[in-house]
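Q: Take this structure, written in structure tokens, and hold onto it; I'll ask about it next.
There are 4 protein chains.
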Amino acid sequence: MSDLFPGVPVIKFEGPNSDNPLAFKRYDPDKKVGDKTMKEHLRFAMAFWHSLTGAGRDPFGDPTMKRPWDSVADPMEVARARMRGVFELTEKLSIPYFCFHDRDIAPEGASLRETNRNLDQIVALAKDLLKTSPTKVLWGTANLFSNPRFMHGAATSPNPQVFAYAAAQVKKALEVTKELGGKNYVFWGGREGYETLLNTDMRLELDNLGRFLHLAVDYAKEIGFSGQFLIEPKPMEPTKHQYDSDTGACFAFLQEYDLLPNFKLNIETNHATLAGHTIQHELRFARDHGILGSVDANQGDELLGWDTDQFPTNLYHGTFMMYEILKNGGLHSGGLNFDAKPRRGSFTVEDLAISHIAGMDTFARGLEAAFAMIRDGALDRPLADRYAAWGSGIGASIRAGKESLRSLESAALDLGEIALRSGRQEELEAIVNRYL
Amino acid sequence: MSDLFPGVPVIKFEGPNSDNPLAFKRYDPDKKVGDKTMKEHLRFAMAFWHSLTGAGRDPFGDPTMKRPWDSVADPMEVARARMRGVFELTEKLSIPYFCFHDRDIAPEGASLRETNRNLDQIVALAKDLLKTSPTKVLWGTANLFSNPRFMHGAATSPNPQVFAYAAAQVKKALEVTKELGGKNYVFWGGREGYETLLNTDMRLELDNLGRFLHLAVDYAKEIGFSGQFLIEPKPMEPTKHQYDSDTGACFAFLQEYDLLPNFKLNIETNHATLAGHTIQHELRFARDHGILGSVDANQGDELLGWDTDQFPTNLYHGTFMMYEILKNGGLHSGGLNFDAKPRRGSFTVEDLAISHIAGMDTFARGLEAAFAMIRDGALDRPLADRYAAWGSGIGASIRAGKESLRSLESAALDLGEIALRSGRQEELEAIVNRYL
Amino acid sequence: MSDLFPGVPVIKFEGPNSDNPLAFKRYDPDKKVGDKTMKEHLRFAMAFWHSLTGAGRDPFGDPTMKRPWDSVADPMEVARARMRGVFELTEKLSIPYFCFHDRDIAPEGASLRETNRNLDQIVALAKDLLKTSPTKVLWGTANLFSNPRFMHGAATSPNPQVFAYAAAQVKKALEVTKELGGKNYVFWGGREGYETLLNTDMRLELDNLGRFLHLAVDYAKEIGFSGQFLIEPKPMEPTKHQYDSDTGACFAFLQEYDLLPNFKLNIETNHATLAGHTIQHELRFARDHGILGSVDANQGDELLGWDTDQFPTNLYHGTFMMYEILKNGGLHSGGLNFDAKPRRGSFTVEDLAISHIAGMDTFARGLEAAFAMIRDGALDRPLADRYAAWGSGIGASIRAGKESLRSLESAALDLGEIALRSGRQEELEAIVNRYL
Amino acid sequence: MSDLFPGVPVIKFEGPNSDNPLAFKRYDPDKKVGDKTMKEHLRFAMAFWHSLTGAGRDPFGDPTMKRPWDSVADPMEVARARMRGVFELTEKLSIPYFCFHDRDIAPEGASLRETNRNLDQIVALAKDLLKTSPTKVLWGTANLFSNPRFMHGAATSPNPQVFAYAAAQVKKALEVTKELGGKNYVFWGGREGYETLLNTDMRLELDNLGRFLHLAVDYAKEIGFSGQFLIEPKPMEPTKHQYDSDTGACFAFLQEYDLLPNFKLNIETNHATLAGHTIQHELRFARDHGILGSVDANQGDELLGWDTDQFPTNLYHGTFMMYEILKNGGLHSGGLNFDAKPRRGSFTVEDLAISHIAGMDTFARGLEAAFAMIRDGALDRPLADRYAAWGSGIGASIRAGKESLRSLESAALDLGEIALRSGRQEELEAIVNRYL
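What follows is the structure, encoded as structure tokens:
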């Protein structure tokens, strides 16, 4: 293990009474919760882009983050340091996975060929590091949004050459993800949308996006990549409107283009709230439709209108997210990826470690609360009770397809006043609080 | 024609220089725009609930509206006056259609049987009035949201008796709509959603909603109602989350439950903005997916977070909406329904007329602007230019399914820098302004 | 004590392990936290309008709430029952105060004289009940928003007769509040604002609002009412814009009209979020400016754009609110008023009790967490550390007014790189979680 | 005049029928509107930062803009080119002013001394160019937000050295603004606020901000700078909360710190909408309080939650803004500064010119519409009518301070039902449309 971050020790579990900021208070990796360990349930991942490449820039300010490679000039040297860094940090923090974009891990060169050569060198280093490390790759992806060539879209660019370039990039990223043993491959379409409908052929662009994803599926089969494909909903930012706006829009798209057999969703908390939904809604929708694949675990500020990508410290989010995930039977090949960055003013390496610890403790506590609620039937019993009438009588008959408007009218005409039961929302909210 | 509204004369077209508030400045019903008259293009409808039943109540205040039947005690007498009123107002305003909920037009009785009898009496009156009036019914619907029995949902209630009751109501509303010659039948699911996921079985509720709509389709076939079925997206309000949240969610739902052959959408401006979308986006999405059915023409206040249902006076909305509608080949059986209410402080009958005039003039102007832009290719020519490369070469080859990631990589590796062209957003916005 | 609510027992503290929904888990009224009891710290109040008068209506639905007086026809009889009810419920729930509007407690009559007579009768009953009850009045107010006469404003109406009418109502409400021993008098200006600037003379309206409040101050002096005056910020709803939009706008207004000596603020959680602020921000701003008077303790849904007035169950709110209140030395004559209503689907009397219990437990837990954080200096120590440099050297010199741009430039020119310290946001968030 | 932008000709007025994107359709600089020319009314300014320094970066993407100096390596050479460029562009576009931050026009050096030397060189060049150009400086300011040293605030930093550094920068910027004949000096406090209250001493920070502004006022007197000081409201972004959140908060602050005699506001459209207000509201509030100083003329997207800084093309904004400005007797020393950037995909120099033209035509049209409405009394007459009752009788008596709650109650008790008149909102909206 490298020692680029001497200020970050190997993080130990010290329990809830510890006030050591560089210790876990709740996350105890090997503690059993039910029949799995916390580590197995939570499947944490570090986001290469925020933690190793992120610099603290914002739309009104220059980079602030202090990192060990700040004085290194050669971009390939920096890339090597960062790759060693991701292994060092994940190991010190007991984070079992990391995620990356192609352009996070290696610098672009003067041509696509040179860029690919850069990538190959870093991938070779990563492969080497993987051999001796407990850390693995959760997912890879291609950055199809930063370079100016993607300003009007990648798969949805008005320029077919851009489509071709993006296709070449995805091909390489798939190969790299396979080579590094990635469990999943993600598409986030940050430029797949529009700035204004005045200049946009939405129908053509959606068709092209469908085609693009099918090409990726075909190529994965060709090279034997068996990881799960994921698309990641986000409604806006950077563009005015992105086609993958929320889980509903993604489910519509996957059905329309016959991609349901191949794709699940990578759902992000802050993207959910930007779309006007709770993260629990988005996870529930995906779970109910069999497309819950993986999670980008962060949080936004619901009073701010952009993607703040904060480290997740809200215990309600942690609890409700783990509730949906446990109900889903876990995330399977997916995981909880910290797509989060320390605030721009939290610029030290220690902040980076502390931020991850804060997030991990939040989800550990959420896991325990959610597990206990499920074990106790705290929400399931009232729910079963509430919908019980659908299991017999006219409820069962409706579900069995045996009723018509005509037969239901007959029944309704003879009903007296229908006896409703309270929805008990406040009582249920108080019950959840008891588990926090 | 009744004369309940002596303060509202027959409204005439007086041209743009008129300052008579009770005259059209832009809407000239028989004026040809292309090969159709304004009246044929615009297919305006009055909303019975806002214009005849609406009283000016808000969450913090009591009714304000002054209406001719304010001193009438018998609810059936009021209902008859209102039905006469909708014919009088639509005729005076040259509005060719009206829309209604079952409970707008007739009061609920002590039992469903009595309620249906009330409805039958008013429907008989309406049928009579239709015979001699130019006014027609654009669409009917059932109010499945006001009565307390629907507090937890109608088709998605946890109580199957409520489902049955709602089914009976839809059966009757379909019969009534057919009897009155309604061109469409609408579902707006204001209670079909949830207040909290803590007490909600979303999967069951969605399935039940799918079943419910199929029952309606089956019954329409049985009775020979050939009008178009429509569902109306709205993301929230009254509930925390409604399942028909936006056009994307509706398209997902219609595909999932195999309802695409039977349903289109009734899209409302203020519902679009509550979902975080422009009305143009929602219309475009529906048009591109063949599900643009009808429009609830109002406007919200984009800085307020609830459904203000204002009369549409924004010329940009009018223009962009008519642009999408013209591109759709018109609304076919649908129309522009003023699902709008005068502000609570605009309480006179004259305000009601003036509000409709304001909305009609807005759409007349929007129609003329949109028509001219299409005629001139003002936006089409730049658009064709922008996407031209998809018609030949590698663009055409991609669209024809002849390329793979491998072939595209080959092409991309030999591309030099890709020459992009400006998106020209500001130029296009300035062009639109020239047409206003 | 009446027994209108037989389903609601006297609520006991049963501790955190109780799963009795009709018991306190955290709120133990006589438990000492520091040198005051929970009851003394929290000063809970019941809101007459939501709990006794509220019916469960929403903009799309009719009343749902089941209350003991539902079958009583005489409005004065209903009013008497409700007044007995507020004493019964507050006593059973150990809530020491209630708050009311004039029109909550007695029905309007055919004239202002008759309305005042109605009010007098109910006030006499209340006075009688106060004698033998531990319950007291936290504050009174006049409802200047429900009646249609206030549709265009009360103090800010374009019609001076409305101003006069509102003045008469405030006069009476002040007298009544004094008679019932109210500790404060509140103004919430739900109609004091505008729907559109097109018809609004904002300057005149603001001046009139200033005048109106001075008249109230003068009259309070005249009759010897020594309670605290409060205004209540809310940015919008029911109007497009209300002048008391947030704490900043209120502070501007109070300064401008020389009302700071007489007024503090009554700050509501959901109003804060509608204004785009956290409740902690609004409390901090008020505290820092010496105008934190009282609190309307509820919560909104930050993804919904209207005033949902939910019972407060979010432990973060409870903690941060009590943090600011403790730092303010308590609320003095103010209290925590549950300006909250059970969800429309929580229609039983038991829900009403459970909702209050949920809110009280939330604040009890928040109180304990905040108290412990303050006791431990959990946030104070890092804060003192962060700003320490302002206590000496150039920091102290700046604060003492001894520096100029010129002197500071001299200092700055000789500074090398300024050593900044991390803002530690994530670490502080994790610390707060340790106290929950 | 330099010829850095050969693709941009001198822009001519060609009238509304021109379809030349590089011509004015509405802005005819010397056309009289009332007794002033369009140029005198509108006082347009170019924003140096967006138009000369802006590169098209966004949070997810790299620079896109193509500019003549892209291949120049020496930052001082680039700075000189840009300074020549601002004169060339403003002259070609008939824009009479430009605005700048210190760091826009000259690069930072290794020390403050070196930075100031850089600035001096560019200022000397600017001074030279000013001699022969019609272009003038509308306002200058200091960039106290981009450099990492300001990450936790400038005047509100927890570090007094940062305060000192910021003071030094303002001192120099004031000197430079004076030297270049700037008409105003602006403060925008993009880092003057907080990310989290957990680490913030708001009281201390506000006091320091007050002190800072007084130091600037004192120094301006010392050096004889007589331009108008302006602060610029914005509620958030980059920080979670900025102290100058809206016009109300600014008015509160200016009163509290006794800065009203020295400061007015520079109000930006997109900042208004981020604060939940219309631009007309913010202008009206400032006008009514005598603090309307200058305008940053852009527009946001009301469905997006960040500062999009789009070029203003919305004719309603143009009209309502000019309405308030005309009612204010013009902007006096202020102007309409295009604090706007072409969309990232509008990357050509031609787009930059076309964007300004679009904005200028929008305001020209808004000026003519607003002027005509005022000339015709289109809104003033209904307004006078609506408030007429405040001019006599009890209205006048209230305004004269002759009434009390007691006297008003006497009056109210004898009022019958108060006759209200409609607010006529829809009618007024239709009237505005007639002027567009």
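The listed protein sequences correspond, in order, to chains X, S, C and F.
Be aware that the first sequence starts at 45, since it is given in my numbering, and climbs by one per residue.
Be aware that the second sequence starts at 45, since it is given in my numbering, and climbs by one per residue.
Be aware that the third sequence starts at 45, since it is given in my numbering, and climbs by one per residue.
Be aware that the fourth sequence starts at 45, since it is given in my numbering, and climbs by one per residue.
Note that the Cβ used here is the ideal one computed from N, Cα and C, for glycine as well.
Could you name the residues of the same chain whose beta carbon sits closer than 6 Å to that of C143(X), not counting the 5 residues immediately before and after it, in chain order?
A: Contacts found: A89, A91, L182, W183, N381.
Q: Which of the three DSSP states is assigned to R410(X) in this structure?
A: Arg is not the amino acid found at residue 410(X); the sequence shown has Gly there. Of the three classes helix, strand and coil, the one that applies to G410(X) here is helix, per DSSP.
Q: Leaving aside the five residues before and after L86(C) along the sequence, list all residues of the same chain whose C-beta is less than 6 Å from its C-beta, in chain order.
A: For L86(C), where only same-chain residues beyond five positions count, the Cβ hits under 6 Å are L380, F407.
Q: Consult DSSP for V476(X) and reduce its assignment to one of helix, strand or coil.
A: Of the three classes helix, strand and coil, the one that applies to V476(X) here is helix, per DSSP.
Q: Could you say which of R331(F), R409(F), D383(F), G460(F) lies nearest to N372(F) if we only look at CA atoms?
A: It is R331(F).
Q: Cβ of P50(S) within 8 Å of Cβ of I398(S)?
A: Cβ atoms of P50(S) and I398(S): not closer than 8 Å.
Q: So which of G349(F), L318(F), L303(F), M366(F) has the shortest CA-CA distance to I335(F)?
A: Of the listed residues, the one whose Cα sits closest to I335(F) is L303(F).
Q: Give the residues of chain X in contact with T240(S), contact being defined as C-beta atoms less than 9 Å apart.
A: Within chain X, the residues near T240(S) are G467, Q469, L472, E473.
Q: In the DSSP assignment, the alpha helix (DSSP H) including G344(X) goes from what residue to what residue?
A: Looking at the DSSP string, G344(X) is not in any alpha helix (DSSP H), and its letter there is neither H nor E.
Q: On the DSSP bridge list, what partners appear for N481(C)?
A: With chain C covering 45 to 480 only, the question about residue 481(C) has no answer from this structure.
Q: Mark T176(F) as exposed unless 16 or more other C-beta atoms lie within 10 angstroms of its C-beta, in which case mark it buried.
A: Classification for T176(F): exposed.
Q: Quick test of the definition: if touching needs 3 or more C-beta pairs under 8 Å, does the segment 216 to 223 of chain C touch the segment 162 to 174 of chain C?
A: Short answer: they touch.
Q: Measure the C-alpha to C-alpha separation of D290(F) and A296(C) and round it to an integer number of angstroms.
A: Roughly 11 Å between the two C-alpha positions.
Q: Among L370(F), G197(F), M366(F), which has the Cα closest to the Cα of G105(X)?
A: Comparing Cα positions, the closest option is G197(F).
Q: Given this structure, state the Cα-to-Cα distance separating N314(S) from D353(S), to the nearest angstrom.
A: Those two C-alpha atoms are separated by around 6 Å.
Q: Helix, strand or coil for P278(S)? Go by DSSP, reduced to three states.
A: Checking the sequence shown, residue 278(S) turns out to be Lys, not Pro. In this structure, K278(S) counts as coil in the three-state DSSP scheme.
Q: Is the distance from the Cβ of K83(X) to the Cβ of F68(X) below 8 Å?
A: For K83(X) and F68(X), no; Cβs fall outside 8 Å.
Q: Going by the CB atoms, is the gap between D345(S) and K284(C) shorter than 8 Å?
A: It is a contact, given that the beta carbons lie within the stated cut-off.
Q: Distance, Cα to Cα, G78(F) vs L188(X)?
A: Whole-angstrom Cα-Cα distance: 53 Å.
Q: Just how far apart, CA to CA, sit G292(C) and L480(F)?
A: Computed Cα separation, rounded: 36 Å.
Q: Taking buried to mean at least 16 other C-beta atoms within 10 Å of its own C-beta, is R387(X) buried or exposed?
A: The residue in question, R387(X), is buried, as its Cβ has 16 or more Cβ neighbours within 10 Å.
Q: Counting only C-beta atoms, is H196(X) closer than 8 Å to chain F at any point?
A: Yes, its Cβ sits closer than 8 Å to a Cβ of chain F.
Q: Do we get a CB-CB distance below 8 Å when we pair S190(S) with the residues of chain X?
A: So no, S190(S) is outside the interface.
Q: If you compare alpha carbons, which of P60(X), S62(X), M45(X), N61(X) is closest to V54(X)?
A: The shortest C-alpha separation from V54(X) is found at M45(X).
Q: Hey, which unbroken runs of the alpha helix (DSSP H) at 4 residues or more fall wholly within the segment 65 to 94 of chain X?
A: Segments of the alpha helix (DSSP H) lying fully in the segment 65 to 94 of chain X: 82 to 86.
Q: Nearest-angstrom Cα distance between E158(C) and L457(F)?
A: Roughly 10 Å between the two C-alpha positions.
Q: Quick one: which chain C residues come within Cβ less than 7 Å of M280(S)?
A: Neighbours of M280(S) on chain C, chain order: L348.
Q: Roughly how many angstroms lie between the CA atoms of E482(F) and L257(F), to the nearest whole one?
A: With chain F running from 45 to 480 in the structure shown, residue 482(F) is simply not present.
Q: Does K284(F) have its Cβ less than 8 Å from a Cβ in chain X?
A: Chain X contact via Cβ: present.
Q: Can you list, in chain order, the residues of its chain whose CB lies under 8 Å from that of A210(F), leaving out five sequence neighbours each side?
A: Cβ neighbours of A210(F) beyond the five flanking positions: A186, L188, F194, A198, A199, S201, F256.
Q: Closest Cβ-Cβ distance between E223(S) and chain X: below 8 Å?
A: No, because no Cβ of chain X sits closer than 8 Å to the Cβ of E223(S).
Q: Is the beta carbon of H94(X) less than 8 Å from the beta carbon of D405(X)?
A: The answer is no: Cβ separation not under 8 Å.
Q: Could you spell out the range, first to last residue, of the beta strand (DSSP E) harbouring K308(S)?
A: Note, K308(S): beta strand (DSSP E), 307 to 312.
Q: Please name the residues in the segment 122 to 144 of chain C whose beta-carbon is closer than 9 Å to at least one beta-carbon of chain X, in chain order.
A: Listed by position, the residues of the segment 122 to 144 of chain C near chain X (Cβ gap below 9 Å) amount to none.
Q: Could you check whether the Cβ of G389(X) sits closer than 8 Å to any Cβ belonging to chain C?
A: Closer than 8 Å: yes.
Q: Would a C-beta distance cut-off of 8 Å place S448(S) and Y263(X) closer than the cut-off?
A: In this structure, Y263(X) lies closer than 8 Å to S448(S) by Cβ.
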